[in-house]
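In the numbering used here, the protein residues as written are 162 to 484. The beta carbon of each residue, even a glycine, is placed where N, CA and C say it ideally should be.
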Amino acid sequence: MAHHFNQTVFVAGHRGMVGSAIVRHLNALGYSNILTAARGELNLLDQAAVQHYFQTHQIDQVYLAAAKVGGIHANNTYPAEFIYENLMVEANVIHSAHQAGVQKLLFLGSSCIYPRLAPQPMSEDALLAGALEPTNEPYAIAKIAGIKLCESYNRQYGRDYRSVMPTNLYGPGDNYHPENSHVIPALIRRFHEAKLKGDAEVVVWGSGTPRREFLYVDDMAAASVHVMSLLPEQWQGAVVPMCSHINVGCGHDQSIREVAVLVASVVGYAGRVVFDTTKPDGAPRKLMNSAKLTALGWEPEVGLELGLKRAYEAFLLGGSNHG
């Protein structure tokens, strides 16, 4: 492990759930030179602006956590924005980092890069082995392009650009918008509102049987910094040239029913939890194989119940986008 606490580290996307967690973790470790740029200061979609930013700051490391993200509804409604904005941000940041001589960069992807019917648990070599889930294909294609950008600069220029693929993340800074949120923030909001209204029951979409894996966002941040601080030979020993990304998960999953019941209990909702089986379920199971990362000496620290308690506390404090 090699930490360089005095190096200048640029975190792109520091306002997002993952980016803000990475900044928290770097601060806690004692990194003293963390660069962030608000959207008003730096528009990552603007190639000239990004190039200028890299040329005028002496940046040693980049965490590329900036992305346009959303749930199924958002991905289905705005596919053009999801592919265009994510491609542009990655291309601008990765190319500008290279041009400015930045040797170390970490790109954050998503588990949706894997084929819809990938064998479970999904391992890194499932990438590009089958058709993607149609609902978020534009987003997934952009994320795959980001991995391949990093890979290509490594192959051609000897850069050390690494990619991590998180499983489903939740925690402080999550998006609680009623239409655009993911499953855990959606459940937290629904049960919280039902508790306030005194509703007798909360209806959850689907059968409750699909299984999903969840990771607390501060664990993801710790994993990201862990991966960045591995020596080049440790990293290169773990990945192969044309499969240069690594999964970040907790290694076990829960049914949506179990998650819903746990959220209800954390929120203090005492009514019934009912499942609407006429609504779609999505894939029966989505679990990542994180054995490579485990072998590199990292494992998560925050279990689901504790993580949900912390997420709910953050929700109550309003440290999130309530839409």
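- Only residues of its own chain outside the window of five on either side were considered, and among them L206 have a CB closer than 6 Å to the CB of M249, listed in chain order.
- Of the residues P461, P240, R316, the one whose Cα lies closest to the Cα of E294 is P240.
- Scanning the region 359 to 432 for uninterrupted alpha helix (DSSP H) segments of 4 residues or longer gives 378 to 390, 393 to 399, 417 to 428, listed from N- to C-terminal end.
- Distance between A252 and L266, taken at the CA atoms: about 13 Å.
- Separation of the CB atoms of D380 and P461 is rounded to 4 Å, and the pair is thereby assigned contact status at 8 Å.
- In this structure G332 does not touch Y275 by the C-beta definition: roughly 23 Å separates them, more than the 8 Å allowed.
- When DSSP assignments are scanned along the region 225 to 306, the uninterrupted stretches of beta strand (DSSP E) that are 3 or more residues long and fall wholly within it turn out to be 265 to 269.
- By the criterion of a C-beta distance shorter than 6 Å, A384 is surrounded in its chain by V409, W459, once the five residues flanking it on both sides are discounted.
- Secondary structure note for I183: its alpha helix (DSSP H) is the uninterrupted segment 178 to 190.
- By the CB criterion at 9 Å, V427 and K470 fall inside the cutoff.
- A Cβ-Cβ contact shorter than 9 Å links A210 with L203.
- In the structure shown, Y314 adopts helical secondary structure according to DSSP, grouped into three states.
- Counting C-beta pairs closer than 8 Å gives three or more between the region 423 to 443 and the region 351 to 366, which meets the contact rule.
- For V325, DSSP records a beta bridge to L269, I407.
- Here the alpha carbons of F352 and G479 stand approximately 16 Å from one another.
- H164 is positioned such that its CB atom lies no closer than 9 Å to that of L288.
- In the DSSP assignment, L206 falls outside any beta strand (DSSP E), carrying neither H nor E.
- Look at T197 here: in three-state DSSP terms it is coil, with no helix or strand label.
- DSSP places T169 inside the beta strand (DSSP E), whose first and last residues are 169 to 173.
- In the three-state scheme derived from DSSP, where H, G and I count as helix and E and B as strand, F436 is classed as strand.
- Taking one beta carbon from each stretch, the region 305 to 323 and the region 442 to 453 have fewer than 3 pairs nearer than 8 Å; the two do not touch.
- Per DSSP, R471 is one residue of the alpha helix (DSSP H) stretching across 465 to 478.
- Taking each of T197, S313, M449 in turn and checking the Cα distance to E374, the smallest one comes out for M449.
- Distance between T217 and A258, taken at the CA atoms: about 12 Å.
- One alpha carbon belongs to E394, the other to G291, and they sit about 31 Å apart.
- Residues I349 of the same chain have their beta carbon placed closer than 6 Å to that of F476, with the five preceding and five following residues left out of the count.
- In the three-state scheme derived from DSSP, where H, G and I count as helix and E and B as strand, R446 is classed as strand.
- DSSP places Q219 in the coil class of the three-state scheme, outside both helix and strand.
- For A452, the uninterrupted alpha helix (DSSP H) segment begins and ends at 452 to 456.
- With contact defined as three or more Cβ pairs closer than 8 Å, the region 213 to 228 and the region 171 to 179 are in contact.
- Of the candidates L330, F166, N194, Q317, the residue whose Cα lies closest to the Cα of G468 is L330.
- Note on F268: 16 or more other CB atoms within 10 angstroms of its CB, so buried under the neighbour-count rule.
- For I345 against P299, the beta-carbon gap comes to about 23 Å, at or over 8 Å, which does not count as contact.
- L348 has no beta-bridge partner at all, per DSSP.
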